[in-house]
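Visitor: With numbering that gives the first Met the number 0, the residue at position 81 of the sequence shown is 80, and numbering never jumps. Input: one structure, supplied below.
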Amino acid sequence: MSKSVLILPGDGIGPEIVTEAEKVLNALVENRGLEISTEQGLIGGSAIDETGVPLPDETLAMGKQSDAVLLGAVGGPKWDKIERSLRPERGLLAIRAGLDLYANLRPAILYKELAEASSLKPEVIGALDIMIVRELTGGIYFGQPRGIRTLDDGQREGFNTLVYKESEIERIAHTAFDVAMKRNKKVCSVDKANVLEATELWREVVTRVAKDYPEVSLEHMYVDNAAMQLVRAPGQFDVIVTTNMFGDILSDLASMLTGSIGMLPSASLNAEGQGMYEPIHGSAPDIAGQNIANPLATIISTAMMLRYSLAEVAQADRVEQAVQKVLASGLRTADIVSEGMTRVSTSEMGDAVVAAL
Ligand code: IPM
Ligand code: MG
Numbered sequence: 000m001s002k003s004v005l006i007l008p009g010d011g012i013g014p015e016i017v018t019e020a021e022k023v024l025n026a027l028v029e030n031r032g033l034e035i036s037t038e039q040g041l042i043g044g045s046a047i048d049e050t051g052v053p054l055p056d057e058t059l060a061m062g063k064q065s066d067a068v069l070l071g072a073v074g075g076p077k078w079d080k081i082e083r084s085l086r087p088e089r090g091l092l093a094i095r096a097g098l099d100l101y102a103n104l105r106p107a108i109l110y111k112e113l114a115e116a117s118s119l120k121p122e123v124i125g126a127l128d129i130m131i132v133r134e135l136t137g138g139i140y141f142g143q144p145r146g147i148r149t150l151d152d153g154q155r156e157g158f159n160t161l162v163y164k165e166s167e168i169e170r171i172a173h174t175a176f177d178v179a180m181k182r183n184k185k186v187c188s189v190d191k192a193n194v195l196e197a198t199e200l201w202r203e204v205v206t207r208v209a210k211d212y213p214e215v216s217l218e219h220m221y222v223d224n225a226a227m228q229l230v231r232a233p234g235q236f237d238v239i240v241t242t243n244m245f246g247d248i249l250s251d252l253a254s255m256l257t258g259s260i261g262m263l264p265s266a267s268l269n270a271e272g273q274g275m276y277e278p279i280h281g282s283a284p285d286i287a288g289q290n291i292a293n294p295l296a297t298i299i300s301t302a303m304m305l306r307y308s309l310a311e312v313a314q315a316d317r318v319e320q321a322v323q324k325v326l327a328s329g330l331r332t333a334d335i336v337s338e339g340m341t342r343v344s345t346s347e348m349g350d351a352v353v354a355a356l
């Protein structure tokens with residue numbers, strides 16, 4: 000049965016990197032007979048320019064109909080001044096919420112070819128393979144009330160609300176333990192239970208869910224310590240499960256351990272296994288349109304899409320192997336280039352992955 004993929008290029012480098020991922024997908028359709036149809040939609044700043052809103056109803060409706068969504072990136076200085084609720088980032092949050100994509104998987108894997116590019120010394124970094132499971136549709140990103148108000152004394156006050164229901168914590172904890180069962184059976188739950196009640200409850204609920212997984216060892220860590228441990232001894236982690244905001248921060252941190260934020264993919268899944276796939280990096284407006292961005296995070300996100308939403312596990316393996324082969328051959332985009340390597344453009348990197356396929 001043919002599967003449908005909604006492609007949302009977005010803003011900044013989004014269109015460039017998504018084009019390279021599409022090349023990879025098309026190559027699989029043409030050479031391996033995959034039955035995948037694609038259509039494009041608007042999100043973020045480009046949607047604002049055309050329709051006035053960052054997530055048009057049509058895009059969400061198309062997303063609901065599709066088997067998977069592949070997204071580039073959203074945002075840029077051009078839209079920073081418009082009303083807060085209409086900014087590009089709100090489009091991204093709205094599609095995550097609209098498709099109920101509560102489970103965000105962010106693997107941080109060090110390709111041995113890129114050990115040089117890691118910000119850590121080789122003896123500290125070791126063989127890094129961490130899966131960050133980030134709660135994606137709750138917490139302080141969505142909690143009400145929120146806003147900026149003017150107080151009686153005339154000064155303004157910004158406020159947000161960190162809230163988690165037991166059911167929200169339970170389902171993301173199940174995701175983390177299920178993922179751990181297929182890996183090294185270790186979960187580290189990251190919170191700030193010594194200060195924040197919402198994460199005190201988080202810790203309690205995760206501990207309760209752990210009882211369903213006797214084979215998995217569970218550890219709890221405060222987020223400040225977790226940040227320190229990630230750069231001190233990252234090898235101790237297998238699966239990290241954490242809140243929306245802590246996951247946002249720790250996944251950027253983890254990306255630097257792997258050499259470049261341009262390398263890290265992500266999958267955001269709902270209870271039905273439908274997913275949206277995107278690189279964890281932003282729209283990098285400073286380098287947009289120059290054909291120098293690294294398309295590999297988006298290409299590896301495409302591999303995750305083949306694996307988790309399109310039931311094409313063998314093809315996912317092939318894409319990941321092709322990326323490895325290209326790195327082994329010494330090709331590097333600007334963000335990961337080092338002495339003795341060959342610097343290539345965004346499109347040359349995409350072509351090389353297709354050739355390696
Ligand atoms: C991410 C990004 C987004 C987030 C932004 C663009 C809204 O940083 O996916 O990590 O904070 O979730
Ligand atoms: Mg982020």
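Note that the Cβ used here is the ideal one computed from N, Cα and C, for glycine as well.
Measure the beta-carbon distance from Asp407 to Ile129 and round it to whole angstroms, keeping in mind my assumption that it falls under 8 angstroms.
Guide: Any answer about residue 407 is impossible in this case: the structure gives the chain only from 0 up to 356.
Visitor: For Ile286, collect the residues of the same chain with a Cβ closer than 7 angstroms to its Cβ; drop the 5 residues on either side in sequence, then sort them by chain order.
Guide: The count along the sequence shown starts at 1 and reaches residue 286 at position 287. Excluding positions up to five away in sequence, the list reads Ile12, Ala292.
Visitor: Would you mind reading off the limits of the alpha helix (DSSP H) that contains His280?
Guide: Taking the first residue of the sequence shown as 1, we reach residue 280 at position 281. First-last for His280: undefined, no H or E at that position.
Visitor: Helix, strand or coil for Phe176 per DSSP?
Guide: To locate residue 176, count along the sequence shown from 1; it is residue 177. Here Phe176 sits in helix by DSSP.
Visitor: Assuming Glu115 and Ser265 make a contact with CB atoms under 8 angstroms, what is their CB distance in whole Å?
Guide: Your numbering for residue 115 matches position 116 in the sequence shown. Your numbering for residue 265 matches position 266 in the sequence shown. Wrong, their Cβ atoms sit about 24 angstroms apart, outside the cutoff.
Visitor: From the DSSP output, which residues share a beta bridge with Ser36?
Guide: Working through the sequence shown from its first residue, we reach residue 36 at position 37. DSSP, once it has assigned bridges, lists Ser3 as partnering Ser36.
Visitor: Put Thr242 into one of helix, strand or coil per three-state DSSP.
Guide: Here residue 242 refers to the residue found at position 243 when the sequence shown is read from its first residue. Coil, per DSSP.
Visitor: Ordered along the chain, which non-local residues of its own chain (more than five positions away) have a Cβ less than 6 angstroms from that of Ile260?
Guide: The residue labelled residue 260 in the question sits at position 261 within the sequence shown. Once the five neighbours on either side are set aside, the close Cβ partners of Ile260 are Ser254, His280.
Visitor: Mind listing, in chain order, the continuous beta strand (DSSP E) runs of no fewer than 3 residues lying wholly within the region 73-153?
Guide: If we require 3 residues or more, the beta strand (DSSP E) runs fully inside the region 73-153 come out as 102-108, 128-134, 146-149.
Visitor: Along the chain, where does the alpha helix (DSSP H) that runs through Gly44 open and close?
Guide: Your numbering for residue 44 matches position 45 in the sequence shown. From DSSP, the alpha helix (DSSP H) with Gly44 extends over 44-50.
Visitor: So Ser300 is in the alpha helix (DSSP H); what residue range does that whole segment cover?
Guide: Stepping through the sequence shown from its first residue, residue 300 is reached at position 301. Looking at the DSSP string, the run of the alpha helix (DSSP H) that includes Ser300 is 295-307.
Visitor: Between the Cα of Ser267 and those of Pro53, Gly329, Gly62, Gly51, spot the shortest distance and give me the residue it belongs to.
Guide: By 1-based counting over the sequence shown, the position of residue 267 is 268. Measuring from the Cα of Ser267, the nearest candidate turns out to be Gly62.
Visitor: Tell me where the alpha helix (DSSP H) around Leu263 begins and ends.
Guide: Sequence index remark: in the sequence shown, residue 263 carries index 264 (1-based). Unbroken run through Leu263: none, as it is neither H nor E.
Visitor: For Pro14, which residues of its own chain have a beta-carbon under 7 angstroms away from its beta-carbon, when the five flanking residues on both sides are left out?
Guide: Here the question's residue 14 lines up with position 15 in the sequence shown. Cβ within range, chain order: Pro8, Gly71.
Visitor: Got a sec? Which residues, its chain only, sit under 8 angstroms from Ser36 by beta carbon, not counting five neighbours each side?
Guide: Within the sequence shown, residue 36 is the residue found at index 37, counting from 1. Excluding sequence neighbours, Ser36 sits near Ser1, Lys2, Ser3, Val4.
Visitor: Quick check on DSSP: helix, strand or coil for Glu214?
Guide: By 1-based counting over the sequence shown, the position of residue 214 is 215. Coil at Glu214, not helix or strand.
Visitor: Are the CB atoms of Gly44 and Asp66 nearer to each other than 7 angstroms?
Guide: Your numbering for residue 44 matches position 45 in the sequence shown. Your numbering for residue 66 matches position 67 in the sequence shown. No, these two residues do not count as a Cβ contact at 7 angstroms.
Visitor: DSSP on Pro55, reduced to helix/strand/coil?
Guide: By one-based count along the sequence shown, residue 55 stands at place 56. Reduced to three states, the DSSP call for Pro55 is coil.
Visitor: Quick one: using the 10 Å Cβ neighbour count with 16 as the cut-off for buried, is Met227 buried or exposed?
Guide: Counting from one through the sequence shown, the residue named residue 227 turns up at place 228. Classification for Met227: exposed.
Visitor: Would DSSP call Val162 helix, strand or coil?
Guide: Taking the first residue of the sequence shown as position 1, residue 162 is located at position 163. In this structure, Val162 counts as coil in the three-state DSSP scheme.
Visitor: By how many angstroms is the C-alpha of Val189 removed from the C-alpha of Val222?
Guide: Position 223 of the sequence shown, counted from the start, is the residue given in the question as residue 222. Position 190 of the sequence shown, counted from the start, is the residue given in the question as residue 189. Computed Cα separation, rounded: 5 angstroms.
Visitor: Nearest by alpha-carbon distance to Arg306: which of Gly137, Ile81, Met275 is it?
Guide: Position 307 of the sequence shown, counted from the first residue, corresponds to residue 306. Arg306 has its Cα closest to that of Met275, out of Gly137, Ile81, Met275.
Visitor: In the DSSP assignment, find the unbroken beta strand (DSSP E) run with Met275 in it and report its ends.
Guide: Here residue 275 refers to the residue found at position 276 when the sequence shown is read from its first residue. Run containing Met275: 274-276, per the beta strand (DSSP E) assignment.
Visitor: Taking 6 angstroms as the cut-off, is the beta-carbon of Leu268 closer than that to any non-hydrogen atom of the ligand IPM?
Guide: To locate residue 268, count along the sequence shown from 1; it is residue 269. No.
Visitor: Take Glu203 and list the residues in its own chain whose beta-carbon comes closer than 7 angstroms to its own, dropping the five residues that flank it on each side.
Guide: Position 204 of the sequence shown, counted from the start, is the residue given in the question as residue 203. Nothing meets the Cβ criterion.
Visitor: With the cut-off set at 7 angstroms, would you say Ala172 and Val205 are in Cβ contact?
Guide: Along the sequence shown, one-based indexing puts residue 172 at 173. Along the sequence shown, one-based indexing puts residue 205 at 206. Result yes, Cβ atoms of Ala172 and Val205 sit closer than 7 angstroms.
Visitor: Cβ-heavy atom distance between Asp10 and the ligand MG below 6 angstroms?
Guide: Stepping through the sequence shown from its first residue, residue 10 is reached at position 11. No.
Visitor: I need the straight-line Cα distance from Lys111 to His219, nearest angstrom please.
Guide: Mapped onto the sequence shown, residue 111 falls at position 112. Mapped onto the sequence shown, residue 219 falls at position 220. Cα to Cα, the separation comes out at about 29 angstroms.
Visitor: So is the beta-carbon of Asp190 under 6 angstroms away from any non-hydrogen atom of the ligand MG?
Guide: Along the sequence shown, read from residue 1 onward, the residue named residue 190 stands at position 191. No, the ligand MG has no heavy atom inside 6 angstroms of this Cβ.
Visitor: Have a look at Ala315, Asp334, Thr257, Asn243 and flag the residue whose alpha-carbon is nearest the alpha-carbon of Arg95.
Guide: Residue mapping note: residue 95 aligns to position 96 of the sequence shown, counting from 1. If we check each option's Cα against that of Arg95, Asn243 comes out closest.
Visitor: Would Leu161 pass as a contact of Gly142 if the rule is Cβ separation under 7 angstroms?
Guide: To locate residue 161, count along the sequence shown from 1; it is residue 162. To locate residue 142, count along the sequence shown from 1; it is residue 143. The answer is yes: Cβ separation under 7 angstroms.
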